[in-house]
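Remarks on the structure that follows.
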Amino acid sequence: MNTPRQGVDAGDKNYVSEVKRNPPQTDCTSTPKHIVRLLRTKERPVEDPMSSKESHHALGMGHGKENEAETPPSNHDENFRTTSSTIIDNNGASGADGDGMTELQVKSLVGLARSMSHASAQSSLCAQHPSGDINPFIDSESDPELNPHNENFNLRKWMKSILRITSRDPERYPRRTAGVSFRNLNVHGYGTAADYQADVANVWLKAYGIVKRLVGFDEKVRIDILRNFEGLVKSGEMLVVLGRPGSGCSTFLKTLAGETHGLYLGEGTSIEYQGISWDQMHNNFRGEAIYQAETESHFAHLTASDTLYFAAKARAPANRFPGVSRNQYALHMRDVVMAMLNLSHTVNTKVGNEYIPGVSGGERKRISIAETTLSGSPLQCWDNSTRGLDSATARTVIESLHLSTRYSGTTAIVAIYQASQAIYDIFDKAMVLYEGRQIYFGKTTHAKKYFIDMGFYCPERQTTGDFLTSMTNPEERLVREGFEAVVPRTPDEFAARWQQSPDRKALLTEIEAYQKEYPLNAQPLDQFNSSLSAQKSKFNRGKSPYTISYWMQIRLCIWRGVQRLKGDLSITLTSIIGNIIMALVVASMFYNLPNDTSSFFSRGALIFFAIILNALATTLEVLTLWQQRPVVEKHHKYALYRPSAEAISSIIIDLPAKLCVAIAFNTVLYFIANLRRTPGHYFVFLLFSFSITLTMSNIFRFIASISRTFAQASPPTIVIVLGMVIYTGFTVPLRDMVVWFRWINYINPIGYAFESLMINEFHDRSFPCTTFIPAGPGYGDFDNQFKICEGSGAVAGNTFIDGDKLLNTSYEYYAENLWRNFGIICAFFVFFLVLYIVASELVSAKPSKGEVLVYRRGKIPPGLAQKSGSKSMDDPETGKQAHEKQRIEQNRSEEVASIAKQMSIFHWENVCYDIKIKGQSKRLLDQVDGWVKPGALTALMGVSGAGKTTLLDVLANRVTMGVVTGEMLVDGRLRDVSFQRKTGYVQQDDYLHTETSTVRESLVFSALLRQPSTTPRVEKIAYVEEVIKLLGMQEYADAVVGILGVGLNVEQRKRFSIGVEIAAKPDLLLFFDEPTSGLDSPTAWSICNLMRKLADHGQAILCTIHQPSAFLMQTFDQLLFLAAGGKTVYFGDLGENMSTLVEYFEKKGASKCPPEANPAEWMLEVIGAAPGSHTDKDWPEIWKSSPERVEVRRSLAAMKQELSQKKRDSQEEGYSEFAMPLWYQYLICQQRMLQHYWRNPVYIYSKAFVAILAVRERPSKTYSWKAFILSAVVVELPWNTLMAVPAFFAWYYPIGFQRNAGDDVAGRSGTMFLLIWIFLVYGSTFGSMVVSGMDLAETAGNISQLLFSMALIFCGVLATPDAMPGFWIFMYRLSPFNYFVSSVLSTGIAGVDIQCSSIELLRVPPPPGKTCLEYFQQYMSFAGGRLLTPDKTDMCEFCTVMTTDDYLKQVNIYFADRWFNIGILFAFIAVNIVGAVFFYWLVRVPKMEWKAKKS
């Protein structure tokens, strides 16, 4: 990699001149001699890039520098799997920098190729088989080494075949490269190093501060992140960025990639991309400089193959090989990349996520890497992208990236926190960052010497990457003797040394020369544009950064949407089936409505309910859009497609499901209820119902797209839904709407749809009367002209009521508005569709503002609370001060001495674990043996997916499904119910904590509930303080845990996770799952050193680890090494410098371990677990038949025999499931619940807290699930009371209910407040009951919506008990809203006189010779009512009801029943609480405890 570049001799120059004078002729059967001559002069790097010493070194085959001997090719070399983004871009000019060709030679060869472009007519044939080369896209079957489906696939040969073809036509396949140079790079942001936590009390103070900042009255706090950076990374080079988390690595990569949300470039900053300015690159060429984040975001229900096929097809160029379709290209590239990263076996496996089963974590990381590789960007910034991969796979990924840069000219800038020596040696240049300062930039071969010459010492076997990173940590760096007084100590001093160094001066000279060679807005920019244009499809805008056209993007997104739908049909089917059930229920409530006036109210209620259900069926789309938003935004940055293309495709994808739901729901409802049974009216009903569904869907989508956070999207959605429902025109008719809110109806699409459906049902239709007034005894002889039909719109003397008259009178609806309303609804649809598409394109999600510590108000340390007036703050990635942190680890022996010692031995034999996948059994663990003893630190290693975490879960008794066999014993006895409580388990996922608690509160919570009840509370709390000191967490002990970005950073979170488990004083052992993942090398060493000290003091520790350096491995005593399938390869002592392990493998036939090699990586290659490596030996079988395993079995038998004789602790509490009694658990849980709700102003999202129990605290037996679920229910009570107060005053008095109370104002108002409180408590307990039995929020939402709607339907208002079919009376009795509505109505309006409005009065003439009183007196004696004109003889005005009691009696509501109903409501609340406990036990407890015990 670092060998001197070869020059061009005179013969080459003369030859090039000859070629220019005599352009070659293209021939498919032969190559002109002068071309052969030129190709042969560089045949070695093009034909066999692995054969040279440089290529061996570049691919990580050895660690030697340019003066070391050449390593002969190995079997590993021949089959090494890698990829190149040049293949993806078809930028195949061979001989990129670093392959032994000079710039002049490259340019000459490109010029020669251009001179051959006149023969392009024949190049189609030559592209398939030029000079005997095979085109793998067309004919990969003829050579197994070119077939990615074949186990003999050789990617190196595949690449050479492609490169030979593309290099012959540079006109068709132009190169596109983007080296980067930067000078005076300064980046800053605005914010605070620390913030205080919002709670219910101070949230208004926080809002006031935000308003002050928005209007400019509050001083901004400037945070300097990067200071005075300079560097040059040429095309074809790789730069490794080293530094601790928070040093500015991520900000540096994001700045180069253009992701500068919330970041600002300083004045004078110069960043150029090989002749392209920073603004041009990120405004005109999006996707050409990309940032690959440390975390993964994918569609969980897509398979791995579909995910990568989509990326490949989105970037499939137009200038493909002749005869290769876009689909062929995408499929082949997908297969090649999957073969390269050893993902071929996951082709039909879902990607999955933390909640949905899918590929393993390491495989998911590789899918992210493959997706980024397929994007084909010439400048790629990788942010700790090897996190979670084993060392061999990580090395292979970096080697793949290296080969890509060498052949295509891709520029790669990679931040790695733990770089092994083999990985470090692959890079060309290194950059070291120290708290936002650049302290080195230059060749990787010179970096170590630079700091050694400065006066620092590199210990033996410490990797160069670790040594460089240690320079940024005063606790890790070692000073050579005699240099103590002269070495730099602070970041500023290190930066000053760099500024004065000769290396920097040489770098500035090189940058200046480079920028002169590639001036801005000159030929390089034109070449970049022409390369992009060659790849773009037809009908694509010239300035578009996308490879495929807009309509192709939509089609591709539609294809992906179909695959996602296939991957998870449950939500769609649940929605369809649920709506059919709802339709059947509602329709049966209004079964076969009579075609007379008795059905007026029922028809209106049915149509209202139907239109509301149709309109609100898409409410959950807000949640769905937010779940996919991170993926869409990532793909937008990669320039795969426009977000609006995904928005349009999602609408199209949802259409079939929406149409099915609309047809099923509305058809069932329409015909069973006997609405107007004519084809025309049915289809009008269906048309309006479907139209309102689509329109409301666009409204909800628009709200989601303009909201930067999910919390912002929910409140407006709720308010809009309430406003539209209330102002539809049914519950509050148009004439009764208050003036200041009448405008809501004008902009309410549901209101227009309801009006049209009412017109559709009643227009041009007459309804026979069922009841005449007056009628009854004594009125049979009177003619109909002296009677009137009961109902709005009735005319005296008519035996029917005209439907149009009803609409005009009661609703102020008119028939001519039917299709006008449809036009308005269509206008709403188009308007919000356009808004949604535009918003999805322009509004991005809220970007992370970096990691800022959050404290309780008043607890912010004085140093962090200061503003930047006196001193600038450092990178918001950490929130640290700019001055040097001299934090010293408090790991002194006297502090470790306070940690509890463990005495028991945990041992297991012949452990197997099988699960069912699609009906077939799959073994994940196969006959694993081992033990963990106090004082021993045991490493658990293996390739990604080998079953390391699975073994930890099985041993810790945390598996929730499958069959576990074998023996797992504690001191020779089976694990009892106290086992989980007595073990500590530090999980890999550090986000599984209560985010609103502080560090100290979380540790105290763990100590109080998990330490024995005999330990005094004071002693437990004192022990927590010792743990805080032990882990060096004093600085942020009072900080809120928070979430990543707003709370603890990665390192702090890892220490905190360890602290929670140590605070519990586990009696048996500690499990650590990837404790060093994502940490920089010094921090990883610190964590390993901590585990070593814990083990030295008697702790038993079993720890999985992915990328250990030889330095880290020295801290471990034993190793359990697993191969694929959970099979044991080795278990035993490591020995000094891992000598015992190395001796075992060498004795069994492995090649010798080189002295400079890392044994942890070497053994992965030995067993063939490293990608690209192979072995003929079956190492698991070798272990089974080895004497070492026989000795392990003998030791296990001896342990079982001897340890079982040990006397057990006689204390009963030592063997109980929980350390503390249930009442104490409840009190502590209740206290934390109250804190959590108080500190979470966005109250409704506190429901998500229920998820924490199942994955972290319950398996640790911190507390009983009964205590948790009861505290979760009870904590709602005070907050419901708090919400009931404003709800009561905002509702009760403005309506005027107090005027109806008469002399009992206090009693009725108190009763109404109680009813509001009961309703809120019922809602919260009902939600707890539904959530307790559901894993997915969408499913819980659908079920709760169904149950809530059914309770509303059967409450007795929309359909009175008398009108209900007899079958549904039991549902009326079971509906809690029946009792609630009855109580509210009777309390609010009972005993009040009624005055009929003008449209409610019935006007009928009396018979000749009779006054109105004489005519109506007998009727009123038995039917009631009020006569307004008793003395008139020409026209009587009659009101059918006199008091509210008359109306309430019609709907079966009585004032005397209110307290009985309240008692029933309390019973419903109790049922909800019992249901929450029952369903939690039924759904969650059995699969976690009973199944595990059974297994």
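According to full-length UniProt numbering, the sequence shown is numbered sequentially starting from 1. Cβ coordinates follow ideal geometry from the N, Cα and C atoms, glycine included.
- Of all alpha-carbon atoms in T373, D279, Q274, the one lying nearest the alpha-carbon of L525 is that of Q274.
- Annotation: P768 is outside any alpha helix (DSSP H); the continuous beta strand (DSSP E) that includes it extends over 766-768.
- CA-to-CA, the gap between G1135 and E1202 works out to about 26 Å.
- A residue is called buried once 16 or more other Cβ atoms fall within 10 Å of its Cβ, and L573, having fewer, is exposed.
- In this structure, the alpha-carbon of Q527 lies about 19 Å from that of R320.
- Counting along the chain, the unbroken beta strand (DSSP E) around I413 starts and ends at 411-415.
- Between A419 and N384 the beta-carbon gap is near 10 Å, outside 8 Å, which marks them as no contact.
- Boundaries cannot be given for W740, as no beta strand (DSSP E) includes it and DSSP labels it neither H nor E.
- For the stretch 165-194, the full-length beta strand (DSSP E) segments reaching 3 residues or more read 180-190 along the chain.
- Using a Cβ distance threshold of 9 Å, Y1036 and Q1011 do not count as a contacting pair.
- Between F829 and S691, the CB-CB gap stays under 9 Å.
- Scanning its chain for C-beta atoms nearer than 6 Å, with the 5 sequence neighbours on each side dropped, one finds around A1287 the residues I1316, in chain order.
- As for any alpha helix (DSSP H) of minimum length 4 sitting wholly inside the stretch 1361-1403, the runs are 1369-1374, 1376-1389, ordered along the chain.
- Cβ contact annotation for V1381 (same chain, cutoff 7 Å, sequence separation greater than five): C1355, G1356, V1357, in chain order.
- Ranking Y1144, L1227, Q1225 by CA distance to the CA of E1188 puts Y1144 first.
- Spanning the alpha carbons of L940 and G243 requires a straight line of approximately 27 Å.
- Closest in C-alpha terms to N186, from the list D1303, T251, S1185, S644, comes T251.
- Cα atoms of L556 and G1366: separation of roughly 53 Å, rounded to the nearest angstrom.
- If you look at K254, you'll find it in the alpha helix (DSSP H) that goes 249-257.
- Counting along the chain, Y779 sits inside no alpha helix (DSSP H), nor does DSSP assign it H or E at all.
- Non-local beta-carbon contacts of P1430 in its own chain, meaning distances under 6 Å to residues more than five positions away in sequence, involve C1412, L1413 in chain order.
- Contact check for V1285 against F786 fails: the beta carbons are separated by 9 Å or more.
- Taking 9 Å as the cut-off, the beta carbon of M758 is found closer than this to the beta carbon of Y811.
- Approximately 6 Å separates the beta-carbon atoms of H301 and K350; this is inside 8 Å, confirming the contact.
- When secondary structure is reduced to three states using DSSP, T965 falls in the strand class.
- Per the coordinates, the alpha-carbon of F137 lies some 20 Å from the alpha-carbon of S400.
- Non-local beta-carbon contacts of F1377 in its own chain, meaning distances under 7 Å to residues more than five positions away in sequence, involve A1351, L1352, C1355 in chain order.
- For L1112 against W1085, the beta-carbon gap comes to about 6 Å, under 8 Å, which counts as contact.
- Annotation: the continuous alpha helix (DSSP H) that includes C826 extends over 818-842.
- Approximately 5 Å separates the beta-carbon atoms of V632 and E646; this is inside 8 Å, confirming the contact.
- Taking C-alpha positions only, N1472 is separated from T1325 by approximately 6 Å.
- For Y440, the enclosing beta strand (DSSP E) starts and ends at 437-443.
- For Y1447, the enclosing alpha helix (DSSP H) covers residues 1444-1450.
- In terms of CA proximity to W382, A289 leads the group N698, A289, P1180.
- Within the model, the alpha-carbon separation for M454 versus Q499 is close to 14 Å.
- Distances from the alpha-carbon of T463 to those of S1081, K566, E354 put S1081 closest.
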